[in-house]
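Q: Just add 973 to wherever you are in the sequence shown, counting from 1, and you've got the numbering used here.
Quick one: the structure is below, questions incoming.
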Amino acid sequence: MSDTLKFCRPEEVGVHPSWVEDYVNTVNRQRKMCHSFIMMRKGNIFAEGYWKPFHKDRLHRMYSVSKSFVSGAVGFLIDEGKLSLSDKIVDLLPEYLPKDKEVHPYIKEMTVEHLLTMATCHKVTTYAFTRENWIDTFFDPPYEPDHKAGEFFRYDTSASYTLDVIVEKITGKSFLEYLKDKALRELGFSEDAWCVEAPEGFGWGGSGVECTTRDLLIFTMLFANGGKVNGKQYLSEEYVKAAASKQIDNYSGTLNAVSGRGYGYQIWLTRDNGFAFLGMGGQLGVVIPHKDIIFVCTSDTQGDADGYHGFVDVLFDTVINKIESDSIEYDDASFERLENILESLEVSFPAGNAYSPMAEKINGRTYELEENKMGMKSVTVEFNEHMGVLTFETDRGTKRFPFGVGRYSDTFIPETHYSGRRIWTPKGERYRCLNGVAWTSEDTLLMRTYVIDDYLGNMTTTLTFNDDRVELVITKTAEWFLDEYPGTATGKQR
């Protein structure tokens, strides 16, 4: 790690340690599945925490924060004079135009700026309809475009992907490697950070960056001070100012800390005239210029109605709104307490009890399931003190989910066909996950599964027992995996 990251006590930058403690306690009390966070003010990290099993050296999927990385790469190309906002996409990527039909006139008119601002002529992300040739669909979507580019904001991940294909064509390297060469490597960004690939082999710039939380902070720093870090100008101030300013309205009836306040170049505007990089599940890089504060975090809030904007609201309530000066007096007792809290963080566990009398009645018993869409034939729950196993017999074989009782077990999803380094290409290995069960009532057992691999997602399995019968309900929030499991079934004890 270079000397880019500097550390200090919270009081040295006007933050009382108890405010950070309030932030952590609030997140824990709300049972948010937070993985990590870093708070920086005036160029100094004053708080950093990792919920075990996460740690500072672990690469983490950034999901749509990747779009902001692509914006940075585009910015460097514009600074070099190799690309301009007004360049038309059809001129930049003519080899991907359909050979047997005329390109729609709305598509012909799209420019780099249209893609940066999510103002394409497309109805939806175009590659959602296929598992191959993603870039082709941008120019030949399976529908007729219904509006001209630039008319309004519509979130379109294929725009981000097309931009990163442009970057790779011009530079001859992936957009992430290009960013490393231009700035990130010099600033201490992890050499082993990488990006999940799209089907054609390009980096999945809309969703695929894998890096550490500190790496995310380093990248955020590029935009936090007009493109300058450690006194050196990397990205031009002109591009950074435009990228982090409102270029298009994105209000659609929802206004919260990070949504509905405007959109720049693959960057969201926030409350208090800040801006943010946002990734599905709660990957965040937030800059609030007037308080000179940067906040980054990683998490998995998929399926949480409060979403990632809840982290920002808590941050404002507990820390940002209280800052009034550049430094305050030391409070050693409060600082020591905060240090102990940050050292002992563990991921949030579902509410419920570790024991129910029902556990003894069902332990080791198998329930034959009636016909169901999941193809599950039976389910068995086995307990062994603080551990256990939930076993499904399915059309696809035996699927075992080891779990912790009243705590998480660090284990694996019993599937090997989910995507690996390239989307839709099987990894051939099981995804790492956390599994734990709790009794939400005397007769209802809940198992919470969090996938913590290169792909993040979660699943909830609920088993309700009544005499010799069981009712099974499974839900999941995960992009393009765990699709075999959601559904309902009933069964009777064998």
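A virtual CB, placed ideally from N, CA and C, is assigned to each residue, including glycine.
Model, not experiment: these values are computed from the prediction.
Does the Cβ-Cβ distance between isoleucine 1191 and leucine 1160 come in under 9 Å?
A: yes
Q: Would you kindly work out how many angstroms separate the C-alpha atoms of arginine 1373 and alanine 1171, rounded to a whole number?
A: So the two alpha carbons sit approximately 31 Å from each other.
Q: Considering only residues of the same chain and omitting the five flanking positions on each side of proline 1114, which have a CB-CB separation below 7 Å?
A: His1095 and Thr1099
Q: With H, G and I counted as helix, E and B as strand and the rest as coil, what does DSSP make of tyrosine 1207?
A: Coil.
Q: Please classify methionine 974 as buried or exposed, where buried requires at least 16 other C-beta atoms within 10 Å of its C-beta.
A: Annotation note: pLDDT 45 at methionine 974 (below 50); position unreliable, coordinate value reported separately. Classification of methionine 974: exposed, given that the 10 Å Cβ count is below 16.
Q: Thinking just about the alpha-carbon of each residue, which of Asn1203, Met1253 and Asp1383 is nearest to the one in valine 1038?
A: Met1253
Q: Would you call the CB atoms of valine 1354 and asparagine 1336 closer than 9 Å?
A: yes
Q: Do threonine 1185 and histidine 1033 have their C-beta atoms within less than 9 Å of each other?
A: yes
Q: What would DSSP say about valine 1424, mapped onto helix, strand or coil?
A: strand
Q: Identify every run of the alpha helix (DSSP H) within the region 1135-1209, keeping only runs that are complete inside it and at least 4 residues long; order them along the chain.
A: 1148-1152 and 1186-1197
Q: Need the endpoints of the beta strand (DSSP E) that tryptophan 992 sits in, please.
A: First-last for tryptophan 992: 990-1002, but that is the alpha helix (DSSP H), not the beta strand (DSSP E).
Q: Does DSSP classify methionine 1013 as helix, strand or coil?
A: strand
Q: Please classify threonine 1274: is it buried, with 16 or more other beta-carbons within 10 angstroms of its beta-carbon, or exposed?
A: buried
Q: Who are the near neighbours of asparagine 1229 in its chain, counting only those whose CB is closer than 7 Å to its CB and skipping five residues on each side?
A: His1282
Q: Tell me the start and end of each unbroken alpha helix (DSSP H) in the region 1207-1231 that is at least 4 residues and wholly inside, in chain order.
A: 1210-1216
Q: Taking just the CA atoms, how far does proline 1399 sit from histidine 1390?
A: The straight-line gap from Cα to Cα measures roughly 5 Å.
Q: Between the region 1446-1459 and the region 1315-1335, can you find at least three pairs of beta-carbon atoms closer than 8 Å?
A: no
Q: Less than 9 Å between the beta carbons of arginine 982 and isoleucine 1266, yes or no?
A: no
Q: Tell me which residue opens and which closes the alpha helix (DSSP H) that serine 1298 is part of.
A: Taken as a continuous stretch (DSSP letters only), serine 1298 belongs to no alpha helix (DSSP H), as it is neither H nor E.
Q: Round the Cβ separation of lysine 979 and isoleucine 1011 to the nearest angstrom and send it over; I've been treating them as touching at under 8 Å.
A: Incorrect: roughly 12 Å between the Cβ atoms, too far for contact.
Q: Output the residue ranges of the beta strand (DSSP E) runs that lie fully inside the region 1375-1459 and measure 3 residues or longer, sorted by chain position.
A: Listed in chain order, the complete beta strand (DSSP E) runs (minimum 3 residues) inside the region 1375-1459 are 1382-1385, 1405-1414, 1417-1425, 1429-1439 and 1442-1451.
Q: Where lysine 1121 and tyrosine 1128 are concerned, what is the direct C-alpha to C-alpha distance, given to the nearest angstrom?
A: 15 Å
Q: Might you give, ordered along the chain, the residues of its own chain that have their beta carbon closer than 7 Å to the beta carbon of glycine 957, omitting 5 neighbours on each side?
A: Not covered by the structure: residue 957. The range shown for the chain is 974 to 1467.
Q: Checking 9 Å against the spacing of the C-beta atoms, do leucine 1089 and glutamine 1256 come in under that value?
A: No, these two residues do not count as a Cβ contact at 9 Å.
Q: DSSP three-state label for glutamate 1355, please.
A: The three-state reading of DSSP puts glutamate 1355 in strand, counting E and B together.
Q: Would you be able to state if there are at least three C-beta pairs under 8 Å between the region 1194-1201 and the region 1417-1429?
A: The way I'd put it, the region 1417-1429 doesn't touch the region 1194-1201; fewer than three beta-carbon pairs between them come closer than 8 Å.
Q: Of all the options Ile1396, Gly1409 and Asn1198, which has the alpha carbon lying nearest to the alpha carbon of serine 1382?
A: Gly1409
Q: Where glutamate 1302 and glutamate 984 are concerned, what is the direct C-alpha to C-alpha distance, given to the nearest angstrom?
A: Cα-Cα distance, rounded: 6 Å.
Q: Start and end of the beta strand (DSSP E) containing alanine 1101?
A: Segment: none, alanine 1101 is in no beta strand (DSSP E) and carries neither H nor E.
Q: Could you check which residue in Trp1167, Asp1073, Gly1145 and Tyr1069 has the C-alpha nearest to that of threonine 1135?
A: Tyr1069
Q: Going straight from the alpha carbon of aspartate 1188 to that of proline 1071, what length do you get?
A: 39 Å
Q: My output table needs one value for methionine 1035: the three-state DSSP class, helix, strand or coil.
A: Of the three classes helix, strand and coil, the one that applies to methionine 1035 here is coil, per DSSP.
Q: Taking the DSSP output, what are the residues bridged to leucine 1318?
A: According to DSSP, leucine 1318 bridges with nothing at all.
Q: Return the chain-ordered list of same chain residues with a C-beta closer than 7 Å to the C-beta of tyrosine 996, the five sequence neighbours on each side being excluded.
A: Val1287, Leu1288, Thr1291 and Val1292
Q: Using a Cβ-Cβ cutoff of less than 7 Å, which residues in the same chain neighbour phenylalanine 1111 once the five nearest sequence positions on both sides are dropped?
A: Thr1099, Ser1131 and Thr1135
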